[in-house]
Amino acid sequence: MLYQANPARYKNMLYRRCGHSGLKLPAISLGLWHNFGDTTRFETGRELVRHAFDLGITHFDLANNYGPPPGSAEEHFGRILREDLLPWRDELIISSKAGYTMWEGPYGDWGSKKYLVASLNQSLKRLGLDYVDIFYHHRPDPNTPLEETMSALDLVVRQGKALYIGLSNYPAELAQRAFNILNKLGTPCLIHQPKYSMFERWVEGGLLDTLEQNGVGSIAFSPLAGGVLTDRYLAGIPEDSRAASGSVFLKPEQLTVEKLDKVRQLNAIAQARGQKLSQMALAWVLRGDRVTSVLIGASKTSQIDDAVISLGNLQLSEQEISDIEKILM
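Just so we're on the same page, our numbering is the position in the sequence shown counted from 1, plus 1029.
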């Protein structure tokens, strides 16, 4: 059966303007870091993408190395675009990134112009697109001059291969230097993608202020701390959980008795608000309009539903914020 998008998809989604740009992003965006590569059934990823779009999620976030294996998430999403979403391409924000190891040799990693331009060309082929909406430098490169990396981002916009450019994982001072270079080149930075959650708060040490001062939007990845800020670990570490699977992204030793106790205390506040812990965690990141959007991962459509439902209860009282801060200390 041919896919037909939900005609009511835009009725309940919240869209926020990205910095000082003219672009609005959904408050909930779908990241394709996991569950969209060759190790996952294609139909599973297809169902998740369709379901997200039917709920008004228009932004789908990829990178050259997403999979596994690297590149396979873009290939699968390209197939979904071709077979399902192509009629709605102009309603979608599709992003990709380069900055981590993608191929062997001296030109397959970091931030040289050679690597970034070649990587984006490869991504466009995998996606079957003429351009991406946002192209990010995925991480700072300590060995390539910042001017070269930023000039590569400027170049791909001028070539028509990306509409906007962004940065990811840049600390505040380096981000400011990058913004200055990009402004001089005439291609201002649209957005910054940092890791941010109740348990990962480094952005509050200056980055959010820097973004606000420069009119740059933000999109937080891992807002649920790799699944820790859900009801998954309230009773310990399940045998079928990510923490028990040998994942390099969440190890059992990271789930200390102290941290799990904090999770349970946070869950009690969420329940008092009539929310799941995951929903309150998203509301906490989105509080105060300083973060444009949050990137969620999903393996089930119900997880996308939960995230979208959270938008109906984003306000945190001063008492709730105070109680949360005491737990997180």
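We treat Cβ as the ideally placed atom computed from N, Cα and C, and that holds for glycine.
As the structure is a prediction and not an experimental result, all values here were calculated from the model.
Burial state of residue i (16 or more Cβ within 10 Å)
i: Glu1072; result: exposed
i: Lys1305; result: buried
i: Tyr1039; result: exposed
i: Thr1216; result: buried
i: Ile1353; result: buried
i: Lys1373; result: In the structure as shown, the chain starts at 1030 and stops at 1358, and residue 1373 therefore has no counterpart that could be examined.
i: Val1286; result: exposed
i: Leu1149; result: buried
i: Met1030; result: exposed
i: Leu1263; result: exposed
i: Ile1057; result: buried
i: Gly1048; result: buried
i: Gln1222; result: buried
i: Leu1357; result: exposed
i: Gly1085; result: buried
i: Ile1350; result: exposed
i: Ser1197; result: buried
i: Ser1331; result: exposed
i: Asn990; result: Because the chain here runs from 1030 to 1358, residue 990 falls outside it and cannot be looked at.
Opening and closing residue of the beta strand (DSSP E) in which residue i lies
i: Arg1079; result: That residue, Arg1079, is in no beta strand (DSSP E); its alpha helix (DSSP H) goes Phe1071 to Asp1083.
i: Lys1224; result: Unbroken run through Lys1224: none, as it is neither H nor E.
i: Leu1345; result: Neither: Leu1345 is in no beta strand (DSSP E) and is coded neither H nor E.
i: Ala1127; result: Ile1122 to Ala1127
i: Ala1249; result: Gly1246 to Ala1249
i: Leu1115; result: Here Leu1115 belongs to no beta strand (DSSP E), and DSSP marks it neither H nor E.
i: Asp1260; result: Per DSSP, Asp1260 belongs to no beta strand (DSSP E) and is neither H nor E.
Beta-carbon proximity of residue i to residue j, cut-off 8 Å
i: Gly1360; j: Thr1087; result: For the chain, the structure presents residues 1030 to 1358; residue 1360 sits outside this window and is missing.
i: Ile1123; j: Val1161; result: yes
i: Leu1324; j: Ala1254; result: no
i: Tyr1129; j: Arg1168; result: yes
i: Leu1345; j: Arg1316; result: yes
i: Ala1034; j: Asp1083; result: yes
i: Leu1225; j: Val1320; result: A quick correction: the sequence has Tyr, not Leu, at residue 1225. Result yes, Cβ atoms of Tyr1225 and Val1320 sit closer than 8 Å.
i: Asp1113; j: Arg1079; result: yes
i: Asn1093; j: Met1131; result: yes
i: Val1146; j: Ala1191; result: no
i: Ala1207; j: Leu1158; result: no
i: Ser1251; j: Glu1229; result: yes
i: Gly1060; j: Asp1090; result: yes
i: Gly1074; j: Phe1065; result: yes
i: Ser1339; j: Gln1308; result: yes
i: Ala1310; j: Met1227; result: yes
i: Val1257; j: Val1292; result: yes
i: Ile1333; j: Leu1043; result: no
i: Trp1117; j: Tyr1095; result: no
i: Asp1183; j: Leu1214; result: yes
i: Leu1219; j: Ile1163; result: yes
Boundaries (first-last residue) of the alpha helix (DSSP H) holding residue i
i: Ala1147; result: Lys1142 to Leu1156
i: Arg1206; result: Ala1201 to Leu1214
i: Leu1237; result: Leu1236 to Asn1243
i: Ile1109; result: Ser1101 to Ile1109
i: Glu1176; result: Leu1175 to Arg1187
Residues that DSSP places opposite residue i in a beta bridge
i: Arg1045; result: Leu1054
i: Leu1059; result: Phe1089 and Ile1325
i: Gly1195; result: Tyr1165 and Ile1220
Closer than 8 Å to chain B by CB, residue i
i: Leu1043; result: Note that chain B does not occur in the displayed structure, where there is just one protein chain.
With a floor of 4 residues, list each alpha helix (DSSP H) that falls wholly inside the region 1278–1339, ordered by position along the chain.
1286–1301, 1306–1315 and 1330–1338
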